[in-house]
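Enquirer:
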Amino acid sequence: MDTSGLRLVISQQQRAKAYGHRFVVVPGSDKVRRLFQIAGFPEEHVLFAGAPTELAGGDGA
Amino acid sequence: MSAGPEGDRFALLAAAGEVADGTLLLANTAARLLGLVVPGFADVATLDSISPDGELHRLGSRVDAPRRREELEAALLRRRPLPDAPVGLPRAIVSTESQLLVSVTDADLHAIASSDEDFELLRALELRSALFIPLRARGRTVGALALGVGTSGRSYDQDDLRFAEVLAGRIALALDNATLSQTVTGLERRLEATLTNLAEAVLVREPSGQIVFANSAAAGLLNLQSAQNVVDATPQQLMDLYDVFDEDGRRLDLADLPSSRAGQGEEAAPLLVRNIIRSTGEERWLLHKATPVFDPDGSLSLIVSVIEDLTEVKRAELAQRVLAEAGQELSSSLDYERTLQRAAELTVPRLADWCAVSMRQGDLLPQVALAHVDIGKVARVRDFEARHPAHLSDPTGAAEVVRSGEPLLIPEINGEVLAGAALTGEELALARELKLRSVIVVPLAIADQPPIGALSLATAESGRRLGEADLALASELGRRAAIAVENARLYGELSDIATTLQRSLLPPDLPAMPGFRMASLYRAAGEQNEVGGDFYDVFEVPGGWMVVVGDVAGRGAEAAALTSLSRYTFRTAGKLLGDPIAALEQLNTALRESPALSLVSVCCMRLRTADGDAYADLVLAGHPPAYHVRRGSSRPVGVFAPFLGAYEHGGWEATTIKLEPGDQLILYTDGVIDTVGVEERFGEERLARTLSDATGAADAVRRIERALVEFAHGSQVDDTAVIAVERTFRAPVEAHAPGLGDAARVAPN
């Protein structure tokens, strides 16, 4: 995954937001997590789902 | 019976025995036998054979009646014995016992006759006695013999019956041998007719090599007028009519052919040969197959050779193969002169003995490719070309084809052709020295565009005569070569454009910054005709200097436009505002105004000095951290924050680093840490280790470059940009002089 991949993620995130949806990413490998970290997504744009329950609408705690 | 003395009977038996040697055809045998019996032992005789289905077939009749002989013999020949007659031939055959009618009565004749007319015929024979004898040979009944006497005044008795049975044994053998002989002869004739009419050439040789049979297809294939011409020639005489090569162009001798190998008792695998008829230069591809035929005692009897003409198939296959290989070669590299040379080498000796390619260059038509199996001859022709360069205005040959765009085929280069070619004395001498026989020149041209050169094929020592099929193949080869050359030219133009554009996205030189020393690296990845998305810039701002390294997603024209926008927007904003975060926000706004999502990652820093100390205010925007190198260790610096162009507010933060003399800051794009090795990517940890011992900006850049070269595996997919800034120990006096100072730069790869 590189900047082209991040571009895709951001465009899909913006598209989801425009339609009133929330876009989340299931945690991947450390390298992928590092890439998202470098990309510096702001706090208000939580990208990573904490657990499968969050995907299902739970609190993910 | 009063039928001649004993000596005559022995002579009759001996004569019948001679007829039994099987050398006569069946009809002739029957006539000879009947001629022996009548009138020596009978006045009337008929001879019948029996077919496998039991049917009687009258082979002949003989009557000793001078006045009515022909009439009676014809009637008897037509006559068919009554199958169920109580006496006569059918009865003798069924019972396998001879019958003697000592005195033939009208009652007997009525019993034998099938009709009144038949009865009258039998009476006309004036028979007094009759014998009906089955003919048996090799344990089976092969026919029947009917004998009668009357007009001579003779009659038969028991002695005559016994003699007749002995005689019948000889006659049966003669009849059977003749039948067998006729069967064999018929088979031979049918076999010969079959072989003669086969489309494949068939030759039959004795172990000595002498050809004993050849069909008309063989004559045609060997370019001889008749099959008899083939039979009359020795194998070596035939071989001398042709130049024979294997598929790899190796000359073959008679001993190499399967028929010779079979004759020597060796394994004779089918062999495909290229056969050039010396007299005409015509080329044929022939598949030789040979089969030895052995006698019952195991000795070699014959060698049957079948030669199949595969010329059309082979030419089509060869054409496809040459075109495919040449096409692959022509598309393998953009160095068109090299690929044209290799494509030319593919054609010899398969298509011709010589292949040359000439390219139009102004008024000249230099030869850019030349191939022949003998490199000595290539050197000879190249030397000639060097001394006598071809011009587009030359009256004939490649120049004429390039001017007209029309292909040229000269099947036979003879004295007349050479005289009409308006060659110089030296050119004429060279043509004669090379023994050129046939030549084709086709234009290198695409569709309706004027030719850019010419491709020539020529035959010489092979003796082959080029024809229309070769012209069609050469034309296609020329068309593909022209496409390859045109592609290389277009690619070259694109590469020049890309290089120029890429250069415009990077600063021409790093400026001299007082108190700092700099070095940079730029490695473009991918195709030469694509503009990369990495950029860097260094420029002076109020109160210091701005250094930026950025990465635009993608490659090509779109990335180039975005890179240009980013670099110059940031530069303008930076120069006006002097603050890295403010400059980033301006760039972010500009990017977000783009119709499409335009993302740029940036690492930038403002370098400033205060009270003799140097500081760097470093900001990350979607970019990997910079590295701060100090006294043998390196550490990442910067606060991760979003890409530019992604969000309205990015929350970018500056990290301020105080730089001591000797400290270095290394800014880079992700092409460095994403460089692919054998098992993994280069990564941040490896970069940190690479930089920890760096002794200065130039050393840091060199270390990165060397490490990436050693680590990389395969072609890289991302550009690489690095810029290193080193705090010098003391500020140079000529700090602000443009083009001077400590700036260093590692040449881009």
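Chains as they are written, first to last, in our numbering: chain U, 1385 to 1445; chain F, 113 to 861. Using N, Cα and C, we set each Cβ at its ideal position, and we do this for glycine too. As the structure is a computational prediction, the values presented were derived from the model and not from experiment.
Cβ atoms of ARG839 (chain F) and LEU771 (chain F): under 9 angstroms apart, would you say?
Expert: By one-based count along the second sequence, residue 771 (chain F) stands at place 659. By one-based count along the second sequence, residue 839 (chain F) stands at place 727. Yes.
Enquirer: Along chain F, in chain order, which residues have C-beta atoms closer than 7 angstroms to that of PHE1407 (chain U)?
Expert: Start at 1 with the first residue of the first sequence, and residue 1407 (chain U) comes out as number 23. Result: empty, since nearest Cβ-Cβ is about 13 angstroms, beyond 7 angstroms.
Enquirer: Go ahead and label PHE406 (chain F) buried or exposed: buried means 16 or more other beta carbons lie within 10 angstroms of its beta carbon, across all protein chains shown.
Expert: Your numbering for residue 406 (chain F) matches position 294 in the second sequence. Exposed: under 16 other Cβ atoms inside 10 Å.
Enquirer: Check LYS547 (chain F) in the structure and name its three-state DSSP category.
Expert: In the second sequence, counting from the first residue as 1, residue 547 (chain F) sits at position 435. DSSP places LYS547 (chain F) in coil when its eight states are reduced to three.
Enquirer: On the three-state DSSP scale, how would you describe GLU229 (chain F)?
Expert: Working through the second sequence from its first residue, we reach residue 229 (chain F) at position 117. Looking at GLU229 (chain F) - three-state DSSP - the assignment turns out to be helix.
Enquirer: For GLN211 (chain F), write down the residues that DSSP places opposite it in a beta bridge.
Expert: Sequence index remark: in the second sequence, residue 211 (chain F) carries index 99 (1-based). GLN211 (chain F) pairs with F:PHE244.
Enquirer: May I have the straight-line CA-CA distance separating THR701 (chain F) from SER713 (chain F), to the nearest angstrom?
Expert: The residue labelled residue 701 (chain F) in the question sits at position 589 within the second sequence. The residue labelled residue 713 (chain F) in the question sits at position 601 within the second sequence. Taking the straight line from one Cα to the other gives about 14 angstroms.
Enquirer: Cβ of HIS740 (chain F) less than 9 angstroms from any chain U Cβ?
Expert: Residue mapping note: residue 740 (chain F) aligns to position 628 of the second sequence, counting from 1. It does not; no Cβ of chain U falls within 9 angstroms.
Enquirer: Would you check if the distance between the CB atom of LEU578 (chain F) and the CB atom of VAL551 (chain F) is smaller than 9 angstroms?
Expert: If you number the second sequence from 1, residue 578 (chain F) lands on position 466. If you number the second sequence from 1, residue 551 (chain F) lands on position 439. It is a contact, given that the beta carbons lie within the stated cut-off.
Enquirer: From the DSSP secondary-structure annotation, give me the bridge partner or partners of MET351 (chain F).
Expert: Residue numbering aside, residue 351 (chain F) sits at position 239 when the second sequence is read from its first letter. DSSP lists no partner for MET351 (chain F).
Enquirer: Measure the alpha-carbon distance for THR308 (chain F) versus ASP582 (chain F) and round it to whole angstroms.
Expert: Within the second sequence, residue 308 (chain F) is the residue found at index 196, counting from 1. Within the second sequence, residue 582 (chain F) is the residue found at index 470, counting from 1. Each residue's alpha carbon lies about 32 angstroms from the other.
Enquirer: Have a look at THR767 (chain F) and ARG720 (chain F) and give me their C-alpha separation to the nearest angstrom.
Expert: Taking the first residue of the second sequence as 1, we reach residue 767 (chain F) at position 655. Taking the first residue of the second sequence as 1, we reach residue 720 (chain F) at position 608. Using only the alpha carbons, I get a separation of about 13 angstroms.
Enquirer: At a cut of 8 angstroms, does the segment 386-406 of chain F reach the segment 323-342 of chain F through at least three beta carbon pairs?
Expert: Short answer: they touch.
Enquirer: Please say whether VAL493 (chain F) and GLY565 (chain F) have beta carbons closer to each other than 9 angstroms?
Expert: Residue 565 (chain F) sits at position 453 when you count from the first residue of the second sequence. Residue 493 (chain F) sits at position 381 when you count from the first residue of the second sequence. Cβ distance not < 9 angstroms, so GLY565 (chain F) and VAL493 (chain F) don't count as in contact.
Enquirer: Can PHE682 (chain F) and GLY1424 (chain U) be called in contact, C-beta distance under 9 angstroms?
Expert: By 1-based counting over the second sequence, the position of residue 682 (chain F) is 570. By 1-based counting over the first sequence, the position of residue 1424 (chain U) is 40. No, they are not a contact pair.
Enquirer: What residues match up with PHE823 (chain F) in a beta bridge as DSSP calls it?
Expert: Start at 1 with the first residue of the second sequence, and residue 823 (chain F) comes out as number 711. Note: PHE823 (chain F) is not bridge-paired with any residue in the DSSP secondary-structure output.
Enquirer: By the criterion of Cβ-Cβ separation under 7 angstroms, what are the contact partners of ARG1391 (chain U) in chain F?
Expert: In the first sequence, counting from the first residue as 1, residue 1391 (chain U) sits at position 7. Per Cβ cutoff of 7 angstroms: ALA665, LEU709 and LEU711.
Enquirer: Per DSSP, PHE647 (chain F) forms a beta bridge with which residues?
Expert: Along the second sequence, one-based indexing puts residue 647 (chain F) at 535. Note: PHE647 (chain F) sits in a beta bridge opposite F:GLY662.
Enquirer: Run through chain U and tell me which residues come within less than 9 angstroms of ALA431 (chain F), C-beta to C-beta.
Expert: Position 319 of the second sequence, counted from the start, is the residue given in the question as residue 431 (chain F). Those do not exist, as ALA431 (chain F) stays about 45 angstroms from chain U at its closest Cβ, beyond 9 angstroms.
Enquirer: Alpha carbons only, please: which of F:THR675, F:SER505, F:SER676 and F:LEU699 is nearest the one belonging to GLY686 (chain F)?
Expert: Taking the first residue of the second sequence as 1, we reach residue 686 (chain F) at position 574. Comparing Cα positions, the closest option is F:LEU699.
Enquirer: Are PRO91 (chain F) and ASP649 (chain F) touching if we call contact CB-CB under 9 angstroms?
Expert: The structure shown does not extend to residue 91 (chain F), since chain F is modelled only from 113 through 861, so no value can be given for it.
Enquirer: Evaluate contact between the segment 180-190 of chain F and the segment 209-219 of chain F, counting only Cβ atoms and requiring at least three cross-stretch pairs below 8 angstroms.
Expert: no
Enquirer: Using a Cβ-Cβ cut-off of less than 9 angstroms, list which residues of the segment 743-755 of chain F approach chain U; keep chain order.
Expert: Within the segment 743-755 of chain F, contact with chain U at the beta-carbon level (separation under 9 angstroms) is assigned to VAL751, PHE752, ALA753, PRO754 and PHE755.
Enquirer: Taking ILE769 (chain F) as the reference, which of F:GLU760, F:TYR759, F:ARG742 and F:THR781 has the closest Cα?
Expert: To locate residue 769 (chain F), count along the second sequence from 1; it is residue 657. Considering only alpha carbons, the answer is F:ARG742.
Enquirer: With a threshold of 7 angstroms on Cβ separation, who are the neighbours of SER372 (chain F) within its own chain once the five nearest residues in sequence on each side are excluded?
Expert: Numbered from its first residue, the second sequence carries residue 372 (chain F) at position 260. Closer than 7 angstroms at Cβ, skipping near neighbours: LEU366.
Enquirer: Helix, strand or coil for ASP160 (chain F), going by three-state DSSP, please let me know.
Expert: Residue mapping note: residue 160 (chain F) aligns to position 48 of the second sequence, counting from 1. If DSSP states are grouped into helix, strand and coil, ASP160 (chain F) belongs with the strands.
Enquirer: GLY662 (chain F) and ASP646 (chain F) - do their beta-carbons sit closer together than 9 angstroms?
Expert: Counted from its first residue, the second sequence places residue 646 (chain F) at position 534. Counted from its first residue, the second sequence places residue 662 (chain F) at position 550. In this structure, GLY662 (chain F) lies closer than 9 angstroms to ASP646 (chain F) by Cβ.
Enquirer: Out of curiosity, what's the CA-to-CA distance linking LEU171 (chain F) and ALA258 (chain F)?
Expert: In the second sequence, the residue the question calls residue 171 (chain F) occupies position 59. In the second sequence, the residue the question calls residue 258 (chain F) occupies position 146. When rounded, the distance between both Cα atoms is 12 angstroms.
Enquirer: Kindly identify the DSSP beta-bridge partner or partners of GLU652 (chain F).
Expert: Along the second sequence, read from residue 1 onward, the residue named residue 652 (chain F) stands at position 540. Note: GLU652 (chain F) sits in a beta bridge opposite F:TRP657.
Enquirer: How about GLY1424 (chain U): is its C-beta nearer than 9 angstroms to some C-beta of chain F?
Expert: As a position in the first sequence, residue 1424 (chain U) is number 40, starting the count at 1. It does; some Cβ of chain F falls within 9 angstroms.
Enquirer: With a threshold of 9 angstroms between beta-carbons, can ARG1418 (chain U) be considered close to chain F, or not?
Expert: Counting from one through the first sequence, the residue named residue 1418 (chain U) turns up at place 34. Closer than 9 angstroms: yes.
Enquirer: Count the CB pairs spanning the segment 483-502 of chain F and the segment 516-523 of chain F that are closer than 8 angstroms, and state whether there are at least three.
Expert: no
Enquirer: Throw me the rounded Cβ distance for the LEU243 (chain F) and ALA276 (chain F) pair, which I believe falls under 8 angstroms.
Expert: The count along the second sequence starts at 1 and reaches residue 243 (chain F) at position 131. The count along the second sequence starts at 1 and reaches residue 276 (chain F) at position 164. That pair is a contact at about 5 angstroms.
Enquirer: Mind checking which residues open and close the alpha helix (DSSP H) that includes GLN1421 (chain U)?
Expert: Your numbering for residue 1421 (chain U) matches position 37 in the first sequence. Run containing GLN1421 (chain U): 1414-1423, per the alpha helix (DSSP H) assignment.
Enquirer: Given a threshold of 16 other Cβ atoms within 10 Å of its Cβ, counted over all protein chains shown, does PRO736 (chain F) qualify as buried or as exposed?
Expert: Mapped onto the second sequence, residue 736 (chain F) falls at position 624. It counts as buried.
Enquirer: Please return the same chain residues whose Cβ sits closer than 6 angstroms to the Cβ of GLY851 (chain F), not counting the five positions on each side in sequence.
Expert: Here residue 851 (chain F) refers to the residue found at position 739 when the second sequence is read from its first residue. Summary for GLY851 (chain F): the model assigns pLDDT 29, below 50, so the residue's position carries little reliability, and this model does not support an answer.
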